[in-house]
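This report concerns only the one structure given below.
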Amino acid sequence: DSDIGFHPDDVEKLRRHRLPVVCGIYPQKDKRAFACEFMPGMERVTFGKEGGLMEILYAGTGFLLIRREVYVTIQREHKLPICNERYERPMIPFFKPMVRPVDDGHWYLAEDFSFCERAGQSGFKVYADTSIRLWHIGNYRYGWEDAGLETTRHDSFILNATLKTGDAG
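Be aware that the sequence shown starts at 8, since it is given in the numbering used here, and climbs by one per residue.
Encoded structure:
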């Protein structure tokens, strides 16, 4: 997505995994949550230098690599029609939202999660590389920390104005 900040080398990093569906994980804007759904029972996720490849249930599509074979298989397995041919802009509804039954009712899956659900039903696992640092651009650059911690606010703050941006101090 255009509002995801990333290092260009991370695109190649996803490609090197040679997986059908693999993503980087980023936080939601204005919410202490990630734009993904971890596997049931997942208690701990490490991000950054100690991060790595892990299976997840659903991924946000902001930094998601999907190989052609996934689209071909999903269209065949789910019998997805080619739509809008008469308007000379044919499309296949790979990302059509869906409702999934769960133990306590129903779960509405928006376009990104519904794609991952169809991929899973078609035999593909969704992976995330948690070593990739992504930013979700909104009122500011939302990072991993915004999804897991309450931002600390202070009554007073002293800035060391002699430090240049990027200096430790």
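Quick reminder that beta carbons are idealized off the backbone N, C-alpha and C, glycines included.
Can you grab the Cα-Cα spacing for the pair arginine 75 / lysine 56, in whole Å? Each residue's Cα considered, the two are about 30 Å apart.
Ignoring anything shorter than 3 residues, give me the beta strand (DSSP E) runs that lie fully in the region 23-54, in order along the chain. As far as the region 23-54 is concerned, its whole beta strand (DSSP E) runs of at least 3 residues are 28-30.
Among the residues of its own chain, which have a CB less than 8 Å from the CB of threonine 53, if the five just before and after it don't count? Excluding five sequence positions before and after threonine 53, the CB atoms of its chain that fall closer than 8 Å to its own CB belong to Gly59, Thr137, given in chain order.
Segments of 3+ residues assigned as beta strand (DSSP E) that fall wholly inside the region 74-132: Within the region 74-132, the runs of beta strand (DSSP E) that reach at least 3 residues and sit entirely inside it are, in chain order, 105-109, 112-116.
Using 10 angstroms around the beta-carbon of glutamate 44, count the other beta-carbons present and answer buried if the total reaches 16, otherwise exposed. It counts as buried.
Taking the C-alpha atoms as reference points, what is the distance between glutamate 95 and isoleucine 89? Each residue's alpha carbon lies about 11 Å from the other.
What number of angstroms, rounded off, separates the C-alpha of leucine 64 from the C-alpha of alanine 154? The straight-line gap from Cα to Cα measures roughly 18 Å.
Roughly how many whole angstroms lie between the Cα atoms of glutamine 35 and glycine 145? C-alpha separation (whole angstroms): 10 Å.
Nearest to valine 106 by CA position, among Met61, Glu92, Cys123, Leu72, is which residue? The shortest Cα separation from valine 106 among Met61, Glu92, Cys123, Leu72 belongs to Cys123.
6 Å Cβ shell around histidine 113 - same chain, five flanking residues per side excluded: Within its own chain, the residues whose Cβ lies closer than 6 Å to the Cβ of histidine 113, once the five positions on either side in sequence are excluded, are Val106, listed in chain order.
Pairwise C-alpha distance: arginine 93 and arginine 39: Cα to Cα, the separation comes out at about 44 Å.
Minimum C-alpha distance to leucine 141 - residue among Thr68, Ala168, Arg25: The option with the nearest alpha carbon to leucine 141 is Thr68.
How would you label valine 77, buried or exposed, when you count the other beta carbons within 10 angstroms and need 16 or more for buried? Residue environment for valine 77: buried (at least 16 other C-beta atoms within 10 angstroms of its C-beta).
Could you tell me which of Ala42, His24, Arg23 sits nearest to tyrosine 149, measuring between CA atoms? For the residues Ala42, His24, Arg23, the minimum Cα distance to tyrosine 149 belongs to Ala42.
Given that a residue counts as buried once 16 or more other Cβ atoms are within 10 Å of its Cβ, and exposed if not, what is phenylalanine 131? By the Cβ-count criterion, phenylalanine 131 is buried, with 16 or more other Cβ atoms from all chains shown falling within 10 Å of its own Cβ.
Identify, in the order they occur along the chain, each residue of the same chain with its Cβ nearer than 7 Å to the Cβ of lysine 20, setting aside the five sequence neighbours on each side. Here the set comprises Asp136, Ile139.
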